[in-house]
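Enquirer: Submitted below is the structure of interest, expressed as structure tokens.
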Amino acid sequence: MSNDFLLPANIKFKTFSLGFRNDPFNTYKTLLSDAPIFYVKGLHGKEWVVAKYEYVSSALKDRSLVKPDVVNEIAGREKNNKNEKKYLYLKSMMSNWLFFMEADRHEKIRKIMAAWFTPSKVSEINKILLKSIEDNLSTLKAEHSFDVLGDLSTKVTLTTISHLLDCARMDNRETEKYALELFKIVNPPVPVNEYDSLEQAARYFAISLREDLDREHSKQGFVQYLLKKKSCADITEDEIIGALSLVMCVGLDTTKHLIGNSLQALYSDGKQLQAIRRDTSLLNQSILECGRYNAPVSMLPRVAIEDTYIGDAKIAAGERVYFLVSAACRDGERFSEPDSLNIHRSKRSTLIFGAGHHFCLGAHLSLVIAEQVIKRLITSPDLAIHFKDFSWVSSPGIRGLERVQASWVS
């Protein structure tokens, strides 16, 4: 076995350390110059880490690299507990999420979802989105200050998603709580002591959505569309529940952090913030640039199902690969002055939404929500956003703020 790609001893790559959490970019710069692809000996044996944009972008499209088999990992947890039915709902839910389906089934269900989940459909929900922003801000006026992420962004996103899916009855605190909980499963490693709460979240969605399927739905809505596909035997009820819960759980957390990271980036550069205030049509491209500058989904795990190559490195079947999206988005070979925020950058990237067959179906929806929330916040003379004291979440796979403080100006 060649050690050509073994991480050099002088490079410290400690993703769980406080220093890395607060500022990973110096580490990324070192990796991009000295170790754009390397391996370490980890929990799953030989594990690869990829930082170079070219490698990440192309490898994410490689069908021989798939999401880790979380259903099997959950079953392993059951075996350790000597109870093969301990996480019954969680296993069932995850086996019906697009992330974890085998290629043929994934392709079929994705096509069904993508045929309806279009930018034109997303645009139809704009009135609901704008109303939700105003309703939530109106409620928050009773408070001197509030958390943009927890008190506004998450609630607006849930309202918008649940109405878009035609699951308005799911727009409640329980759904918010369990959606944020269940999202943890796509961001390994999951602590052993959190599997019980994941099972509880999966049970909530399985029961609530199954009950919701029995009510009358809009003829033009997503649920009715899926039910028609079910009557043609194109999709099962379990797959419908999987599709609905996936959009809710994944969309909530990632959109929240896209908003938070974008605000933090813009408020760190007054000139570019003022440029957007003068011309809010710049917001869409600015959010993409903020996402590149500080990617909310900072790392994507994959497993090789057959031998493949990334650059000159041979990845053997069964080996795990971690793609550092945040590092790739700071690659100087792809972007000029990569460590600078530039809302007028001509070369943009949507790598923050993945690539290939796992490219985010809700990318357009996430951008629309982020654009409207940020526009309302930065153009409001009665609101002030504060970034004096802030902290980053502890997950190595998610780069986001714990909270973003806002206050009302008298």
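1 is the number of the first residue of the sequence shown in UniProt numbering; add one for each residue after it.
Heads up, the beta-carbon is just placed ideally off N, CA and C, and yes, glycines get one too.
According to DSSP, Glu47 sits in a beta bridge with which residue or residues?
Expert: Glu47 is bridged to Val40, Arg320.
Enquirer: Look at the alpha carbon of Ser407 and the alpha carbon of Ser145, and state the distance between them as a whole number of angstroms.
Expert: Cα to Cα, the separation comes out at about 4 Å.
Enquirer: How is Ile11 classed by DSSP in three states: helix, strand or coil?
Expert: In this structure, Ile11 counts as coil in the three-state DSSP scheme.
Enquirer: Considering only residues of the same chain and omitting the five flanking positions on each side of Lys256, which have a CB-CB separation below 6 Å?
Expert: Result list for Lys256: Leu149, Ser153, Thr154, in chain order.
Enquirer: How do the stretch 366–381 and the stretch 257–267 stand: do at least 3 beta-carbon pairs fall below 8 Å, yes or no?
Expert: Enough Cβ pairs lie closer than 8 Å, so yes.
Enquirer: The alpha helix (DSSP H) with Lys127 in it runs from where to where?
Expert: 126–140 is the extent of the alpha helix (DSSP H) around Lys127.
Enquirer: Tell me the rounded alpha-carbon separation between Val247 and Phe323.
Expert: Rounded to the nearest angstrom, the two C-alpha atoms are 22 Å apart.
Enquirer: Pull up the distance between the alpha-carbon of Ser391 and that of Leu258, whole angstroms please.
Expert: Cα to Cα, the separation comes out at about 15 Å.
Enquirer: Hey, is the stretch 319–338 in contact with the stretch 223–243, meaning 3+ C-beta pairs nearer than 8 Å?
Expert: Output reads no: the stretch 223–243 does not touch the stretch 319–338.
Enquirer: Give me the Cα-Cα distance between Thr254 and Asn294, rounded to the nearest whole angstrom.
Expert: Spanning the two alpha carbons is a distance of roughly 13 Å.
Enquirer: Assign Met1 to one of three DSSP states: helix, strand, or coil.
Expert: With a pLDDT of only 40 at Met1, under 50, the local geometry of the prediction cannot be trusted, and no value is derived from it.
Enquirer: Met1: buried (16+ other C-beta within 10 angstroms of its C-beta) or exposed?
Expert: Per-residue confidence for Met1 stands at a pLDDT of 40, beneath the threshold of 50, marking its modelled position as unreliable; the derived number appears in the next sentence. Burial call: exposed.
Enquirer: With contact counted as at least three CB pairs below 8 Å, one residue from each stretch, are the stretch 98–106 and the stretch 80–87 in contact?
Expert: These segments do not touch.
Enquirer: Would Ile352 and Asn187 qualify as a contact pair, given that the criterion is a beta-carbon distance under 8 Å?
Expert: For Ile352 and Asn187, no; Cβs fall outside 8 Å.
Enquirer: Determine the direct distance from the alpha carbon of His44 to that of Lys82, and round the result to whole angstroms.
Expert: Distance between the alpha carbons of Lys82 and His44: 22 Å.
Enquirer: Sort His386, Trp97, Tyr39 by Cα distance to Ile240 and report the nearest one.
Expert: Selected option, being the one with the closest Cα: Trp97.
Enquirer: Check the C-beta distance from Leu165 over to Ala355 and give it rounded, since I have them as a contact under 8 Å.
Expert: Their Cβ separation, rounded to whole angstroms, is 25 Å, which puts Leu165 and Ala355 out of contact at 8 Å.
Enquirer: Can you look up Ile343 in the DSSP assignment and give me helix, strand or coil?
Expert: If DSSP states are grouped into helix, strand and coil, Ile343 belongs with coil.
Enquirer: With distances taken Cα to Cα, identify the nearest neighbour of Glu289 among Glu319, Ser326, Leu300.
Expert: It is Ser326 whose Cα lies nearest to the Cα of Glu289.
Enquirer: Using the rule of at least 16 other Cβ atoms within 10 Å of the residue's Cβ for burial, across every protein chain shown, is Phe205 buried or exposed?
Expert: Under this definition Phe205 is a buried residue.
Enquirer: With distances taken Cα to Cα, identify the nearest neighbour of Lys79 among Arg403, Ile185, Val192, Ser286.
Expert: Considering only alpha carbons, the answer is Val192.
Enquirer: For Gly242, would you say it is in contact with chain B, using Cβ-to-Cβ distances shorter than 8 Å as the test?
Expert: In summary, chain B is missing from the structure at hand, where a single protein chain is found.
Enquirer: Going by CA-CA distance only, name the one from Asn172, Phe117, Thr118 that's closest to Ser132.
Expert: Nearest option by C-alpha distance: Asn172.
Enquirer: Can you name the residues that DSSP bridges to Ser145?
Expert: Paired residue(s): Ser407.
Enquirer: Quick one: what does DSSP say Trp392 is sitting in, helix, strand or coil?
Expert: Correct three-state label for Trp392: strand.
Enquirer: Apart from the five residues on each side of it in sequence, which residues of its chain come closer than 7 Å, Cβ to Cβ, to Ser410?
Expert: Closer than 7 Å at Cβ, skipping near neighbours: no residue.
Enquirer: Is it buried or exposed for Glu319, if we count other Cβ within 10 angstroms and need 16 for buried?
Expert: Burial call: buried.
Enquirer: Which residue from Cys360, Phe38, Arg334, Phe359 puts its Cα closest to that of Arg348?
Expert: Of the listed residues, the one whose Cα sits closest to Arg348 is Arg334.
Enquirer: Quick check: what's the CA-CA separation for Glu216 versus His364?
Expert: Taking the straight line joining both Cα atoms gives about 27 Å.
Enquirer: If we count Cβ pairs, one from each stretch, closer than 8 Å, do we get three or more for the stretch 230–240 versus the stretch 107–119?
Expert: Yes, the stretch 230–240 touches the stretch 107–119.
Enquirer: Would you be able to state if there are at least three C-beta pairs under 8 Å between the stretch 301–308 and the stretch 275–289?
Expert: Too few Cβ pairs lie closer than 8 Å, so no.
Enquirer: By Cβ distance below 8 Å, which residues in the same chain neighbour Leu65 in space, the five residues on each side in sequence not counted?
Expert: Cβ neighbours of Leu65 beyond the five flanking positions: Ala59, Arg302, Val303, Ala304, Ile305, Thr308, Ile315, Val321.
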